[in-house]
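Enquirer:
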Amino acid sequence: MRKMRRSRWAVASIVAVVALVACGNNPTTTSPTALNGPLTFGSDSSFTGPNASFGLEQVAGCYTAVSLINQSGGLFGQQAQCQIIDNRNDPADGVAAATKAVATIQNFGGTLGPGGVATATEPVYESANITMMADTGDSAFNRTTDKYFWRVTPPDSAGGYAMAVWALKQKFMSAAAVFSNDTTAQTSVPTLVSGYKKGGGNMVINLQVVPDQSSYQVEAARVLAAHPQVIFTEADPQTDATFFKALKQLNNGQMIPIIGTAPTITADWAKAVGDAVSVGDLDKYYVGLQPYVTASGKAWQVFNTALLADSTQIPNPSQWSSDAYSMTDYDGINIMALAMLDAHSWKPTDYNSHVINVTAPGSGKTDVFSFAEGKTALAAGKTIRYNGAGGAVNFDQWHNYGGDFSANGYDAAGNQTTAGVVTAADVKKLST
Amino acid sequence: MSLLALFIGFGLVTSAVLAIASVGFTLQYAVTNVLNLAYGEVMTVGALTAYVINKRGGSIWIGLVAGALSAAIVSLLLNRFIFGPFARRGLKLFGMVIVTIAVSLIMSNGLLIIAGASTFSYNFDAGPTFTGLGMILTTEQVVVIVIAIVAMIAVRLLLTRTKLGRAMRATSTDESLARACGIPIRRVTDAAWLISGALCGIAGVVLGMSVTGWGVFTGQGLLITIVAAAVVGGIGQPYGAMLGALLLGIVTSLVAGYFDPAYRDISAFVILVLFLLFRPKGILADVVAQREVVA
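Quick note, the sequences are listed as chains A and B, same order. Each position in the first sequence, counted from 1, maps to that position plus 1 in the numbering used here. Each position in the second sequence, counted from 1, maps to that position plus 298 in the numbering used here.
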C-alpha cells in the first residue's frame with residue numbers, strides 16, 4: 002500500500018515535471034502577445050575555433066538589428082536581445098547548444114542560423130517550432146520542406162556555380178579545387194565541379210586538404226604538377242595561408258589566381274594569406290564570391306549607422322560594414338520582428354507563416370527599409386515588403402533565396418573591392 | 299618537375315625533424331624506462347621559448363639554443379618532481395604511461411592558457427630556394443636537415459666516445475649491474491632527461507622553422523609519428539630511431555603525394571602496427587641481437 006502511494010507520488014511528480022518542462026519549452030502555452038521579459042533572438046553559429054569569425058559576423062547583425070528595434074520601442078512592450086548559441090563548428094556540440102537553448106531561453110522568438118553544422122542542429126529548432134533565419138550554405142536544405150527554416154543567403158551550391166561562372170568569364174579554362182575536407186567546405190564542390198565542366202572548363206585536380214597541418218608542400222606540388230590556371234579554394238585561414246605559401250615557394254615565387262568561396266572573405270583569412278604570400282599578391286590574384294550586397298542605399302545607411310554606434314557589443318564594428326553575412330543576418334532579425342508585428346504575436350507558431358507577408362513582392366505593398374519604417378506602416382494597416390541592408394529577399398517554395406553574387410577582392414589599403422557581379426541568371430544557366 | 303623527387307625531398311625534411319625528436323625520445327626511454335607521452339608538449343615549450351626570443355628581436359639561432367635549454371630544464375623537472383617520485387613508488391610501465399598522459403593534458407592546456415590558440419611563426423630570412431636532384435628546398439629546410447645531421451653525429455659521439463655515453467648505455471642495458479659497477483645512476487638519469495629534453499626542444503624549434511605556422515598543439519600532433527619512428531627503429535635504440543625517422547618521413551610524404559594527404563598520419567599508424575606485429579624489436583633487431591651475442 003505504502004509502495005503504491007509512493008508510486009502515485011512518483012507518477013504525479015513526473016507529470017508535474019514534464020508539464021513544467023513543456024511549459025518552459027513551448028511558447029504557445031501563454032497568451033499570444035504576452036511577454037514576461039525581454040524577447041530573445043538566438044545567434045547560432047561558431048564562436049570558437051578556427052571559424053570563430055562566422056559567429057562574430059552573425060551576431061554583429063543581430064546586435065545591430067536589436068538595438069534599432071529597441072530604439073523603436075521594442076516588441077510587444079518588451080526589449081529585444083541577442084543570445085549567442087555557440088555550435089563550436091562541431092555537430093555534437095551544436096546539437097547540445099541548440100537543445101540547451103530551446104530548453105532554457107525564455108521568450109525565444111527565433112534564431113539566426115544555424116550556420117555550418119545545420120544538418121545536425123536544424124532538426125532541433127524545427128521540432129521545437131523555432132523560426133530560423135539560416136545562413137548555412139548546406140545543399141541539404143536546397144529543397145527543404147521544413148516549415149521553420151528560412152535561408153536568407155544563397156546556398157553554397159549556388160556559390161559553387163558562381164565561382165565556376167566567374168572563372169569562365171575570366172577565361173580560366175583549367176582549374177584546381179583545393180578545399181578542406183570538412184563538410185562545410187565540401188558543400189560547394191559538387192556544383193563547382195559540375196558547373197565548371199558544363200561551362201567548358203577542365204578541373205585538373207580536385208584536392209581535399211586536411212586542415213591545420215604544419216606543411217602542405219606535397220599538396221602544393223600536386224597542384225602545380227597539374228598546371229591549373231586558377232585555384233578554387235575554401236579552407237580556414239591558417240590552412241590556406243600554409244598551402245599558398247608552399248605553392249608560391251615551389252612555383253618560383255609566382256602566384257596563381259585564386260577564387261575563394263564566401264567564407265574566405267574575412268579579415269582573418271585575408272591577413273593570414275596576405276602575410277603568407279604578400280599583401281600585393283593577395284590584392285592581385287585573389288577574389289572571393291559572396292552573395293551580392295551593396296554597401297550603399299537607404300537600408301544599408303540605417304544598418305551601418307547603428308552598427309558603427311555599437312562598439313561596446315561589437316568590437317571593431319566597421320569590419321562588418323560591408324560584410325554580406327552581417328547584413329543579411331541583420332535583415333533576418335528584422336524580417337522576424339516585422340512578421341511578429343504582422344501576426345500580432347511573437348510566437349514562431351503564429352508569426353512564421355507571416356514571413357512571406359513581409360518579404361514577398363506584391364502590388365500595393367509599401368516598401369520599407371528599416372524595422373522602424375515597417376512598424377509604422379504595419380501600424381497604419383498597410384501591407385509591406387521589407388528591403389534590407391543586403392537587398393530585398395524573395396523566398397521560394399522551399400524557403401530558399403537565390404540572389405546575385407559579387408566577386409570581391411582587396412585594394413592596396415586592404416579595403417574590399419568589387420571586381421564584378423555574377424547574376425542569379427548566370428548561375429541558373431549553369432545549374433539547369 | 300619530378301613529383302617523386304619532390305616528395306622525397308619533402309620527406310627528408312620531415313625525417314630530419316622526426317629524427318631529432320625520436321632519437322631524444324628513445325634515448326630517454328632506454329635509460330629511464332619511462333615512455334614519456336608528454337614529449338610533444340616539451341617540444342612546444344622549446345618552440346615557444348624560441349618564439350619569445352625571436353619576437354623580441356633575438357636571432358632564431360639564439361632562440362634555438364634557448365629552446366633546447368628550456369626544454370631540457372622542463373624535462374629534468376618533470377622527472378625530478380613527477381615521474382621520478384612515481385617510479386620510486388614502484389609504478390610500472392603502464393601506470394607511468396597514464397601519468398605521462400595526464401602530464402601531457404595538463405601541459406597542453408596550460409600552454410593554451412599561457413600562449414593562446416594563436417598561430418605562431420618565426421621571423422628569419424627565408425633565403426633562396428635550392429633546386430637539385432629534382433628536389434626544391436628552401437634555405438630553412440636545408441638548415442633543418444643540416445641541424446638534424448649535426449645532432450645525430452653529436453648523439454653518436456656522445457654514446458660512443460664519452461664516459462657519460464658509456465654510462466648511459468650501461469644503465470640502459472642493466473641498471474642493477476651498472477649501479478654495482480659504481481655508475482652514479484641518478485646523475486646518468488638526470489643527464490638522459492636533460493639530453494633528451496634538449497633534443498626535444500631543438501626538434502620543436504626546427505619544426506617551427508620548417509613550417510609556415512604552428513600552435514601549442516603542433517608538437518602533440520607529431521607525437522604519434524615520433525613514437526612510430528622510435529618503435530620502427532626499435533624502442534630504446536637511438537640509431538634505429540634515426541632509420542625509423544627516415545623511413546617514416548619519406549613513406550608518409552609519398553603516401554600523401556601519390557594517394558591522399560588524409561592518409562599521411564594513417565600511413566604512420568599502419569607502419570607502426572605492422573612493425574609491432576612482425577618486427578616488434580624494430581628495424582635493427584638483428585644487428586642488436588648479433589652484438590649481444592658477440593658481447
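No residue lacks a Cβ here, since even glycine has one placed at the ideal position from N, Cα and C.
Do the segment 505-525 of chain B and the segment 206-226 of chain A touch if we need at least three Cβ pairs shorter than 8 Å?
Expert: Pairwise C-beta distances place the segment 505-525 of chain B in contact with the segment 206-226 of chain A, as three or more of them are shorter than 8 Å.
Enquirer: Please list the terminal residues of the continuous beta strand (DSSP E) segment that includes Y386/A.
Expert: Note that residue 386/A corresponds to Arg in the displayed sequence, not to Tyr. From DSSP, the beta strand (DSSP E) with R386/A extends over 385-389.
Enquirer: When we look at the beta-carbon of K246/A and count the other beta-carbons within 10 Å, is it buried (16 or more) or exposed?
Expert: buried
Enquirer: Shorter than 8 Å from the beta carbon of W491/B to some beta carbon of chain A?
Expert: no
Enquirer: Determine the extent of the beta strand (DSSP E) in which G111/A is found, giving its start and end residues.
Expert: 109-113
Enquirer: Does the segment 143-158 of chain A come close enough to the segment 120-129 of chain A to have 3 or more Cβ pairs within less than 8 Å?
Expert: yes
Enquirer: Ignore the nearest five residues each way along the sequence and tell me which others in A420/A's own chain have a CB closer than 6 Å to its CB.
Expert: V288, A408, G410
Enquirer: Could you confirm whether any beta carbon from chain A is found closer than 8 Å to the beta carbon of I445/B?
Expert: I445/B does not count as touching chain A.
Enquirer: Measure the beta-carbon distance from V224/A to F173/A and round it to whole angstroms, keeping in mind my assumption that it falls under 8 Å.
Expert: Cβ atoms of V224/A and F173/A stay farther apart than 8 Å, at about 14 Å.
Enquirer: Kindly indicate which three-state DSSP category N253/A falls into: helix, strand or coil?
Expert: coil
Enquirer: Spatial neighbours of I86/A within its chain, please: C-beta separation below 6 Å, excluding the five flanking residues on both sides.
Expert: G43, D45, A98, A102
Enquirer: At 8 Å on the CB atoms, spell out the chain B contacts of T243/A, in chain order.
Expert: V509, T510, G511
Enquirer: Roughly how many angstroms separate the alpha carbons of R484/B and G519/B, rounded to a whole number?
Expert: 31 Å
Enquirer: Give the DSSP-derived three-state secondary structure of W270/A in the structure shown.
Expert: helix
Enquirer: Please list, in chain order, all residues of the same chain as A325/A whose beta carbon is under 6 Å from its beta carbon, the five residues on each side excluded.
Expert: Q291, P292, V294
Enquirer: Whole angstroms are fine: how far does the CA of A364/B sit from the CA of M507/B?
Expert: Approximately 15 Å between the Cα atoms of the pair.
Enquirer: Nearest CA to the CA of S68/A: which residue from K170/A, Q314/A, N37/A?
Expert: Q314/A
Enquirer: Mapping the DSSP letters down to three states, classify I412/B as helix, strand or coil.
Expert: Correct three-state label for I412/B: helix.
Enquirer: Give, in chain order, every unbroken run of the alpha helix (DSSP H) that is at least 4 residues long and sits entirely within the segment 376-405 of chain B.
Expert: Taking only runs of at least 4 residues, the alpha helix (DSSP H) segments lying wholly in the segment 376-405 of chain B are 382-386.
Enquirer: Would you tell me roughly how many angstroms separate the C-alpha atoms of V19/A and A104/A, rounded to the nearest one?
Expert: Since pLDDT at V19/A reaches only 40, below the 50 mark, its modelled position is unreliable, and the value read off the structure follows with that caveat. Cα-Cα distance, rounded: 12 Å.
Enquirer: Give me the chain C residues within the contact set of R89/A, using Cβ-Cβ distance strictly less than 7 Å, ordered along the chain.
Expert: Within the model displayed, chain C is absent; protein chains A and B are what it includes.
Enquirer: In chain order, what residues of the segment 219-231 of chain A put their CB closer than 9 Å to some CB of chain B?
Expert: V219, E220, A222, R223, L225, A226
Enquirer: Does the Cβ-Cβ distance between M341/B and A370/B come in under 8 Å?
Expert: no
Enquirer: Should C479/B be labelled buried (16 or more other beta-carbon atoms within 10 Å of its own) or exposed?
Expert: exposed
Enquirer: Please confirm whether A597/B has its beta-carbon closer than 8 Å to some beta-carbon of chain A.
Expert: Chain B is shown from 299 up to 593; residue 597/B falls before or after that span and cannot be answered.
Enquirer: How is the beta strand (DSSP E) around A177/A delimited, first residue to last?
Expert: 175-181
Enquirer: Mark Y217/A as exposed unless 16 or more other C-beta atoms lie within 10 angstroms of its C-beta, in which case mark it buried.
Expert: buried
Enquirer: From D241/A to L301/B, what does the alpha carbon distance come to, in whole angstroms?
Expert: 21 Å
Enquirer: Given that L251/A touches chain B, what residues does it touch there, using C-beta distances under 7 Å?
Expert: I434
Enquirer: Can you confirm whether the segment 347-365 of chain B touches the segment 569-576 of chain B when touching is taken to mean that 3 or more C-beta pairs between the two stretches lie within less than 8 Å?
Expert: no
Enquirer: Would you kindly work out how many angstroms separate the C-alpha atoms of V504/B and N401/A, rounded to a whole number?
Expert: 50 Å
Enquirer: If you follow the beta strand (DSSP E) that P292/A is in, where does it begin and where does it stop?
Expert: 287-292
Enquirer: Going along chain A in order, which residues have a C-beta closer than 7 Å to the C-beta of S551/B?
Expert: V219
Enquirer: Enumerated in chain order, which unbroken segments of the beta strand (DSSP E) with a length of 3 residues or greater are wholly contained in the segment 186-241 of chain A?
Expert: 203-210, 231-235
Enquirer: Cβ atoms of G138/A and S189/A: under 8 Å apart, would you say?
Expert: Yes, the Cβ-Cβ distance between S189/A and G138/A is below 8 Å.
Enquirer: Would you mind listing the beta strand (DSSP E) stretches within the segment 348-383 of chain A that are 3+ residues and don't spill past its ends, in chain order?
Expert: 367-369
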